[in-house]
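Heads up, the thing below is written out as C-alpha cells.
Number of protein chains: 2
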Amino acid sequence: MKEFPVSKTYRLIEPGPVVLVTTLNEGRPNIMTMGFHMMVQHPSLIGAVIGPWDYSYEALSMTGECVIAIPTVDLAAKMVDIGNCSGREVNKFKEFGLTAVPGKKVKAPLIRECLANIECKVVDTSLVDRYSLFILEAVKAWTDPNRKERRTLHHNGDGTLTVDGRVLNFQEKMVLWKQFQG
Amino acid sequence: MKEFPVSKTYRLIEPGPVVLVTTLNEGRPNIMTMGFHMMVQHPSLIGAVIGPWDYSYEALSMTGECVIAIPTVDLAAKMVDIGNCSGREVNKFKEFGLTAVPGKKVKAPLIRECLANIECKVVDTSLVDRYSLFILEAVKAWTDPNRKERRTLHHNGDGTLTVDGRVLNFQEKMVLWKQFQG
Numbered sequence: 002m003k004e005f006p007v008s009k010t011y012r013l014i015e016p017g018p019v020v021l022v023t024t025l026n027e028g029r030p031n032i033m034t035m036g037f038h039m040m041v042q043h044p045s046l047i048g049a050v051i052g053p054w055d056y057s058y059e060a061l062s063m064t065g066e067c068v069i070a071i072p073t074v075d076l077a078a079k080m081v082d083i084g085n086c087s088g089r090e091v092n093k094f095k096e097f098g099l100t101a102v103p104g105k106k107v108k109a110p111l112i113r114e115c116l117a118n119i120e121c122k123v124v125d126t127s128l129v130d131r132y133s134l135f136i137l138e139a140v141k142a143w144t145d146p147n148r149k150e151r152r153t154l155h156h157n158g159d160g161t162l163t164v165d166g167r168v169l170n171f172q173e174k175m176v177l178w179k180q181f182q183g
Numbered sequence: 002m003k004e005f006p007v008s009k010t011y012r013l014i015e016p017g018p019v020v021l022v023t024t025l026n027e028g029r030p031n032i033m034t035m036g037f038h039m040m041v042q043h044p045s046l047i048g049a050v051i052g053p054w055d056y057s058y059e060a061l062s063m064t065g066e067c068v069i070a071i072p073t074v075d076l077a078a079k080m081v082d083i084g085n086c087s088g089r090e091v092n093k094f095k096e097f098g099l100t101a102v103p104g105k106k107v108k109a110p111l112i113r114e115c116l117a118n119i120e121c122k123v124v125d126t127s128l129v130d131r132y133s134l135f136i137l138e139a140v141k142a143w144t145d146p147n148r149k150e151r152r153t154l155h156h157n158g159d160g161t162l163t164v165d166g167r168v169l170n171f172q173e174k175m176v177l178w179k180q181f182q183g
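First to last, the protein sequences are chains A and B. As numbered in the numbering used here, residues 2 to 183 make up the first sequence, in order. As numbered in the numbering used here, residues 2 to 183 make up the second sequence, in order.
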C-alpha cells in the first residue's frame, strides 16, 4: 500500500461507498460494515454513525481510534457477511480471511485487501449521545495503486448494492472545486 | 410524481448520490449542488453540510426548510453548472430550465425533472457553527415511478462523477437490514 495524501480523503469518502471500519480494543481487532457516513469538512473531517448496537461502538469509544477501509466489488459478499455477524462472537479477520496490517498513527489495523485505508481519530463526540454520530479526523491514508479492481459499492438501503459504473469528467466545468485540487 | 414512504428515505440517501437542494426565501427560489450529506438515523434524519459560503445557507437558516432533489445522469451537466454559480446572481430554475413544483409540508419547491424529492425540516442546529452541519428530518418524499433513467451520480471530489452501474442483490444475506424492510 502506498501513502495517499490525507488532505484528499474527501476523494475516497464523498462518492458514498459502503466502507469497513476496523478497531482494536484490548488486543481484539474487529471489523464492521458502515453505510451512514459523510465528509464533514475539508480537508479531512468525517462524520460516522456507529451506535451502541454495534460491537465496535465500545472499542471506538474507549480507544478513540479506527480505520475506515474501502472495499471494492470483489469483496461484496464478504462485506455483506461482515455486516451480518458480530465481533462479540466472531474474529472477523480470521473468519473472512482478511489481512490486518499495522497503521502508522492509530492502533486499529488496516485491511490489506481493500482499495484504500484511512486512519482516523475521534475529534468530537458531542453528537454521540443524541445520534451516535462521531466526528473523525483522517490522520493518515493509504491506497493500493496496483489494484486492478477499483469499483466501489453503494448500499441502496434494501440489501442491494449498486456497483460503480462509468466515470464522467467535468473537471473543466467544476471551477468551484478547483480550490481543493492539488 | 408519486409519494414515496418518508420512512424509507434512507434508500435514496444512503447510496451517496450527489443531490440538489432547493430553498425558498422571501419569495426567491434557489438550488444548490451538495455532496457532503449522510443518513444519520432511521427512519429519516439526514445530516447535510451547507455553509455560509453557500447562498442557500441564509435561506436554510431563516426558513428551516429545504428540499433534497436527486438528479440522474441525464442531468449531470446541469447539476455541475448549478454547483458553479450562485443564486445571488442567477435565478437557477429559470437559467437551467427546471420546473419548480410546490411541496406539501415545506415551502421550498420540488424539482419536477428529478428522480426523487425529499421535503426536509431543520431539527438540530447544534453543529452548524462548528461544522455547518444541519440535521434535517425528512417529512415527505416523492419519486417519479415512470422515469426510465434512474442512474444517480457520485462525486469523486475531483470534478469527475461516477455513474451508477449494475446492481447486486444480497437481500437474502443481509439479515440485519431486514428490520428496516417494509
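A virtual CB, placed ideally from N, CA and C, is assigned to each residue, including glycine. This structure is a prediction, so every number in the text was calculated from the model and none was measured.
Check whether the Cβ of Leu-137 of chain A lies closer than 8 angstroms to any Cβ atom in chain B.
No, because no Cβ of chain B sits closer than 8 angstroms to the Cβ of Leu-137 of chain A.
Taking the alpha-carbon of Gly-152 of chain B as reference, which of A:Ala-142, A:Thr-163, A:Asp-125 has the nearest alpha-carbon?
According to the sequence as given, residue 152 of chain B is Arg; it is not Gly. Closest by alpha carbon: A:Thr-163.
Closest by CA to Asp-145 of chain B, which one among B:Val-20, B:Ser-8, B:Val-50, B:Ile-71?
Looking at the Cα atoms, B:Ile-71 is the closest of the given residues.
Please report the distance separating the alpha-carbon of Gly-88 of chain B from that of Glu-59 of chain B.
Distance between the alpha carbons of Gly-88 of chain B and Glu-59 of chain B is about 11 angstroms.
Report buried or exposed for Lys-149 of chain B, applying the criterion of at least 16 other Cβ atoms within 10 angstroms of its Cβ.
Under this definition Lys-149 of chain B is an exposed residue.
Check whether the Cβ atoms of Leu-137 of chain A and Val-68 of chain A sit closer than 8 angstroms, and answer yes or no.
The answer is no: Cβ separation not under 8 angstroms.
Establish whether the CB of Glu-15 of chain B and some CB of chain A are separated by less than 8 angstroms.
For Glu-15 of chain B, the answer is yes, since a Cβ of chain A falls inside 8 angstroms of its Cβ.
List, in chain order, every chain B residue whose beta-carbon is nearer than 8 angstroms to that of Arg-12 of chain A.
Those within 8 angstroms of Arg-12 of chain A in chain B are Asn-157, Gly-158, Asp-159.
Where does Val-129 of chain B sit, in a helix, a strand or coil, going by DSSP?
Val-129 of chain B: helix per DSSP, three-state reduction.
Who are the neighbours of Pro-18 of chain B on chain A, taking C-beta pairs under 9 angstroms?
Correct list: Gly-17, His-155.
When Cβ atoms are compared, which residues of the segment 81-109 of chain B fall closer than 7 angstroms to chain A?
Within the segment 81-109 of chain B, the residues whose Cβ lies closer than 7 angstroms to some Cβ of chain A are Val-81, Asp-82, Gly-84, Asn-85, listed in chain order.
From B:Gly-158, B:Val-19, B:Pro-103, pick the residue whose C-alpha is nearest to that of Thr-73 of chain B; which is it?
Residue B:Val-19 is the option with its Cα nearest to Thr-73 of chain B.
Of all the residues that make up the segment 124-151 of chain B, which are near chain A by a beta-carbon distance shorter than 9 angstroms?
The segment 124-151 of chain B vs chain A, Cβ under 9 angstroms: Asp-125, Ser-127, Leu-128, Arg-131, Tyr-132, Ser-133, Leu-134, Ile-136.
In angstroms with no decimal places, state the Cα-to-Cα distance between Gly-183 of chain B and Pro-103 of chain B.
Low local confidence applies: a pLDDT of 44 at Gly-183 of chain B is under 50, so the model's placement there is unreliable, with the coordinate-based value given in what follows. Those two C-alpha atoms are separated by around 28 angstroms.
What does the alpha-carbon distance come out to for the pair Met-175 of chain B and Val-107 of chain B?
Using only the alpha carbons, I get a separation of about 35 angstroms.
Quick one: what's Asp-165 of chain B bridged to in DSSP?
Answer by DSSP bridge pairing, in chain order: A:Asp-165.
Report buried or exposed for Asn-92 of chain A, applying the criterion of at least 16 other Cβ atoms within 10 angstroms of its Cβ.
The residue in question, Asn-92 of chain A, is exposed, as its Cβ has fewer than 16 Cβ neighbours within 10 Å.
So what does DSSP say about Glu-96 of chain A, is it helix, strand or coil?
It is helical.
In this structure, does DSSP put Glu-90 of chain B in helix, strand or coil?
Three-state DSSP puts Glu-90 of chain B in coil, outside helix and strand.
Terminal residues of the continuous beta strand (DSSP E) containing Leu-21 of chain A?
20-26 is the extent of the beta strand (DSSP E) around Leu-21 of chain A.
What separation, rounded to the nearest whole angstrom, lies between the Cα atoms of Lys-122 of chain A and Val-140 of chain A?
Cα to Cα, the separation comes out at about 7 angstroms.
Taking the alpha helix (DSSP H) that Ala-77 of chain A falls in, what are its first and last residues?
Looking at the DSSP string, the run of the alpha helix (DSSP H) that includes Ala-77 of chain A is 77-83.
So which residues on chain A does Met-40 of chain B lean against when the C-beta distance must stay under 7 angstroms?
Those are Phe-37, listed as they occur along chain A.
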